[in-house]
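Trainee: Okay, here's the structure, questions in a sec.
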Amino acid sequence: MPRVPGGLLVVLAGVAAAAALAGPAAAADASRITPVPSLEPRVTQAEWQRLARRATFRPYALQAGCRPVRAVFYAATDWLRLATKLAATASPCAQYYISVPPIVGDKTRSRPDQAGRIRALGPSFHALAEIHYTTWQKWVTATASSWYQAGVEARRRMAAAGYDVAAGDTWAVNELSSAVRRGDGARRAEIRDFLRGLYDAAGEGPPAKGVAFVVGIGQRVPAATYKARMQEWLQDTAFWADMNAYVSDWSQEVYADVRSYAAPGAPTASRREALVDYLRHPDLLALSGGAASGTANAFFANASSALANAAWQWGSGFGWTLVPDGLMQQFVSAQVYALRNHGVRSARPTDRFGFAWAPRNADTLLASDFSQRTGAVLDRLSAAIRDSAADNPADPGFGACGSNGRNTWCAGDLEGATLSAGWRSFRTWSPTTLAFVSPPQAVAAGVASAPVSLQAQVAGVAAKPVAPVAVTLTSSSPTGTFAATVAGPFTPTLAVQLPGGAFGTAQFFYQDATAGAVTLTATAAGVVTGTQQLTVTGAAPVSLRIDPAASTLLPGATSTFTAVGIDQFGNEVPTSAVWAVTPATLGTLTPPSGPTTTLTVGSRPATGQVTATVTTPAGTLTAGAAVTVEPPPPVRVAAVRYGVAKRRLHVYVTVVDGGGRRVRDATVTVALYRNGKIYARAAGRTATGRMTFSRPASAGAYRARVTRVAATDRTWDRVTPRNAFRKPLRRR
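Going by this note's numbering, the sequence shown opens with residue 369, and the numbers climb by one from there.
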């Protein structure tokens, strides 16, 4: 039976500081939490003693129907209560690793008298000495030491505080920052040296792989830029080879947001997959990268451990968990279910995940009430990990949600919550794309453009290619040319290079002699081609013409004329001109200036000219268009014929044009004489080139005279052909 350290109550007496957690001034990040071993020191002491005094411990072993898990927990505070709660409801096939924060006054010193208390809970429980990366950064600067020496010194201080690597304790670096992800400066080299020192301790202790807590981004934050930086990081083969050598658990901070989970009406499976997309996004992205991310993917397959979210009552820093404790219990259960389910479907032999634990009393509950509610969240988390280990081929991990297939613990709704869909994009590797980042331009023919900028992008944001990218620029225009400088020389194609391992923008200039829409194309091996539209306009005109060059009109008709400038390259350039007509009696122009004008001619035949004048810096340009006003083409009455039917006289008037073709739709007026006197008048249209009318067929001599023929744009010769008809008297 292990001896219970008598000083436990003294250490836990620091819980008085936990009262600060109950006040409204609680910080928005874990660095402002006052660490205490337990929020319930007496209750934790009693439970710890009960567990530590057990005569035997159930050894960790693979058991039929029990899925193993390596569970790594980050505890900003309350670490001993966390460990004790987990031990009280431990899975028989789990290994638990609980971080312990360093001394507040000097975070380079590991907190003493804690590792042994965690190990006393059984062979499945291990202490992690939190190694505060930012503080050790200051130590390196202050002591002029190397990062490797910092790692070795951290191992010395761990040992001095009672951490036993041989017994299963190890270190946990908190945290690899976004600067490491981005590759800023020497950050990656520094962390590699630091971890090497932590691993080998310069031979002063046994080598020990440890945990790397890795900063992430929130579930509801736009992730395009983050994805681009992640893809670049995943291709750093040397970095991941070192991580494989020094790190046992790559613990990515994925602090899920209740608002992206508890969507009213969302099916359980949909909630699960939305959580998987976020909780496992680094693994999914590394897997999708193929050979490009192969070293990282191999490392993740053995070491990736999602650090999920059990931190209750946070508005930022640990996701968003400002919800009732009942919904928080649902939330942690659902995360366990999602992680277990994905582990089985990914064919992982062992699940690797953990949770951040950082209780915060945002609702200013009484200390006893807050302790009870946070304890309930811990109890649910512990039970979910244990119960989800049961073999369930139909729905792996569903035991976290309840027994007998009932969804007791993976539901819960929050008004306004919606499932996040953006993280599904991490299942697909975004290719590097060449992108024109300067706005499309319009340039005059023969004039160099403003600088055109090109960069490599991933997921629509600037990227750092792993290797230099040799780009070839071409144009869809046969006369298009490129140059590296505005002074030239200009060539039909241009080779530029984007740097490897850094952000870079290539600039070039474009020039073309042919007006029109042009497509610029950037191509390179292994990347997606980029294009941009550019408009080439005509240069200053050197000559002028009028369209149409000549026009023949009927009296009163109109014609529109357009001034067209011609530049030195033969491009047509829309041009505004001053218009004139000679002689003035020919017609009127409207408007008198502009790119076009309309001429309305008079009623008499005539000839003349429309003139356009354009003033340029180089001189005055003039062009003319001939105008002819012709009389309308004639029409004539070809014949007037008669017929009698049913006691009616029918008169047929045929109208033809100068070519003898019948004229349709002419208006014809006729006076009909009988025996020399007006007998009838008639008017009608030549529907088929002939106008017809009828009157009663009285006996007598008939003659017709056409008095009017009107046809559009035509004139009548005013001649009626000879015609006559006699209707004899009817004999009795």
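Where a beta carbon is used, it is the ideal one built from N, C-alpha and C, also for glycine.
If you drop the 5 nearest sequence neighbours on each side, which residues of the same chain put their C-beta closer than 8 Å to that of residue 657?
Mentor: 599, 602, 603, 664, 665 and 797
Trainee: For residue 677, does the three-state DSSP call read helix, strand or coil?
Mentor: strand
Trainee: Should the stretch 629-644 be called in touch with the stretch 567-577, which here means at least 3 C-beta pairs below 8 Å?
Mentor: no
Trainee: Alpha carbon to alpha carbon, how far is residue 541 from residue 560? Give it in angstroms, no decimals.
Mentor: 12 Å
Trainee: For the stretch 1023-1088, which segments carrying the alpha helix (DSSP H) assignment without a break, of at least 4 residues, lie completely within its bounds, in sequence order?
Mentor: none
Trainee: For residue 394 and residue 767, what's the separation of their Cα atoms in angstroms?
Mentor: Low local confidence applies: a pLDDT of 30 at residue 394 is under 50, so the model's placement there is unreliable, and no value is given.
Trainee: Start and end of the alpha helix (DSSP H) containing residue 485?
Mentor: 483-487
Trainee: Could you name each continuous beta strand (DSSP E) segment of 3 residues or more that falls completely within the stretch 558-620, going from the start of the chain to the end?
Mentor: 578-582
Trainee: Per the DSSP calculation, residue 437 is bridged to which residue(s)?
Mentor: Note: residue 437 sits in a beta bridge opposite 462 and 719.
Trainee: Assuming residue 850 is part of the beta strand (DSSP E), what are its boundary residues?
Mentor: 849-851
Trainee: Could you tell me the distance, in whole angstroms, from the CA atom of residue 886 to the CA atom of residue 843?
Mentor: 7 Å
Trainee: From what residue to what residue does the beta strand (DSSP E) around residue 623 run?
Mentor: Where residue 623 is concerned, there is no enclosing beta strand (DSSP E), given that its DSSP letter is neither H nor E.
Trainee: For the beta strand (DSSP E) that residue 1095 lies in, which residues bound it at each end?
Mentor: 1093-1095
Trainee: So, for residue 563: in the same chain, excluding its five sequence neighbours on each side, which residues have a beta-carbon less than 6 Å away from its beta-carbon?
Mentor: 614
Trainee: Near residue 467, what residues of its chain come up, given a Cβ to Cβ distance below 6 Å and the 5 sequence neighbours on each side ignored?
Mentor: 442, 443, 496, 498 and 540
Trainee: Does the beta-carbon of residue 451 have 16 or more other beta-carbons within 10 angstroms, so that it is buried, or is it exposed?
Mentor: buried
Trainee: Name, in chain order, the residues that DSSP records as bridge partners for residue 978.
Mentor: 949 and 993
Trainee: Please list the terminal residues of the continuous beta strand (DSSP E) segment that includes residue 822.
Mentor: Residues 820-826.
Trainee: Between the stretch 1035-1042 and the stretch 1066-1079, can you find at least three pairs of beta-carbon atoms closer than 8 Å?
Mentor: The stretch 1066-1079 vs the stretch 1035-1042: in contact.
Trainee: From residue 1153 to residue 1028, what does the alpha carbon distance come to, in whole angstroms?
Mentor: Examination of residue 1153 is not possible in this model, given that the chain is present from 369 through 1100 alone.
Trainee: At a cut of 8 Å, does the stretch 706-726 reach the stretch 610-624 through at least three beta carbon pairs?
Mentor: yes
Trainee: Which residues in the same chain as residue 691 place their Cβ atom closer than 6 Å to its Cβ, once the five residues preceding and following it in sequence are excluded?
Mentor: Scanning its chain for C-beta atoms nearer than 6 Å, with the 5 sequence neighbours on each side dropped, one finds around residue 691 the residues 626, in chain order.
Trainee: Per DSSP, which one or two residues make a beta bridge with residue 843?
Mentor: 888
Trainee: With H, G and I counted as helix, E and B as strand and the rest as coil, what does DSSP make of residue 998?
Mentor: coil
Trainee: Specify the secondary structure class of residue 513 as computed by DSSP and reduced to three states.
Mentor: DSSP, reduced to helix, strand and coil, places residue 513 outside both helices and strands of the structure shown, so it counts as coil.
Trainee: When you compare the CB positions of residue 813 and residue 883, do they come within less than 8 Å of one another, or not?
Mentor: Using a Cβ distance threshold of 8 Å, residue 813 and residue 883 count as a contacting pair.
Trainee: Taking the alpha helix (DSSP H) that residue 901 belongs to, which residues open and close that run?
Mentor: First-last for residue 901: 898-905, but that is the beta strand (DSSP E), not the alpha helix (DSSP H).
Trainee: Distance check for residue 619 and residue 543, CA to CA, integer angstroms please.
Mentor: The C-alpha of residue 619 is placed about 10 Å away from the C-alpha of residue 543.
Trainee: If I follow the unbroken alpha helix (DSSP H) through residue 543, where does it start and stop?
Mentor: Looking at the DSSP string, residue 543 is not in any alpha helix (DSSP H); the run it does join, the beta strand (DSSP E), is 538-544.
Trainee: If you drop the 5 nearest sequence neighbours on each side, which residues of the same chain put their C-beta closer than 6 Å to that of residue 595?
Mentor: 827
Trainee: Just mark residue 872 as buried or exposed, buried being the case when its beta carbon has 16 or more other beta carbons within 10 Å.
Mentor: The Cβ neighbour count for residue 872, taken over all protein chains shown within 10 Å, is at least 16; the residue is labelled buried.
Trainee: Would a C-beta distance cut-off of 8 Å place residue 1007 and residue 1077 closer than the cut-off?
Mentor: no
Trainee: Can you tell me the Cβ-Cβ gap for residue 705 and residue 633, rounded? I've got them flagged as a contact below 8 Å.
Mentor: Rounded, the Cβ-Cβ distance is 19 Å, inconsistent with contact.
Trainee: Quick one: is residue 684 buried, meaning 16 or more other Cβ sit within 10 Å of its Cβ, or exposed?
Mentor: exposed
Trainee: Under a Cβ-count criterion, where at least 16 other Cβ atoms within 10 Å of its own Cβ denotes burial, should residue 678 be classed as buried or exposed?
Mentor: buried
Trainee: Considering Cα atoms alone, identify which of 772, 667, 786 and 686 is closest to residue 635.
Mentor: 786
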